[in-house]
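The structure appears right after this line, and notes come after that.
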Amino acid sequence: FSYTNCSRARIFKRDAPSVATLYNMQRIMRYNNYKHDPLSSGKASRAISARGDLLDSKPVAVGGIDSKVTSWEFVSKRGGAASVQSGPTHDQQPVFSWKQFPGLVRLGQPEVFDFPFVEVGFDDVEHTAK
């Protein structure tokens, strides 16, 4: 493994310079176009938002599980906030479903993770944690 030369690092190095908006940052953090991106070597586990459930042989329920993005505007003008999305990426890939893993315990989790990005204020997190 190489921190600077693994698939994720190489994808970030290639794509990060084009990030200019919050939307662009959301997209790069959820990026997994393993079928068409040569830097992923055809493996869903070798993308920025890895998906072990999409492996051809022996799928596993591991990988990126959410995304959290903030910006200077969110912090300075909105009193602190972030744009967050729950669940594995489904931008270029199918929505994650636990149906593929019937034997795994998933207490309190929905069967399907098909959620959009939502804005969460930092105060919301503080009140939720209490």
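If you use this note's numbering, the sequence shown closes out at 114, no skipped numbers anywhere. By construction, the Cβ of each residue, glycine as well, lies at the ideal position given by its N, Cα and C atoms.
Subject >> CA nearest to the CA of S67, picked from E95, Y7, R(-2) and P1 >> reply: Y7
**OP:** Let me know if S(-9) comes out buried or exposed under the rule of 16 or more other beta-carbons within 10 Å of its beta-carbon.
**Re:** By the neighbour-count rule (16 or more Cβ atoms within 10 Å), S(-9) is buried.
Original post:
Quick one, which of S51, S41 and P72 has its alpha-carbon nearest E103's?
Top reply: With distances taken between Cα atoms, E103 lies closest to S51.
Subject >> Of the residues D37, K27, L23 and F106, the one placed nearest Q84, counting alpha carbons only >> reply: Of the listed residues, the one whose Cα sits closest to Q84 is D37.
**OP:** With a cut-off of 8 Å on the beta carbons, I'd call R35 and N17 a contact; round off their distance for me.
**Re:** Not really, about 11 Å apart at Cβ, beyond 8 Å.
**OP:** Per DSSP, which residues does G105 bridge with? Please list them.
**Re:** When DSSP reads this structure, G105 sits in a beta bridge with A65.
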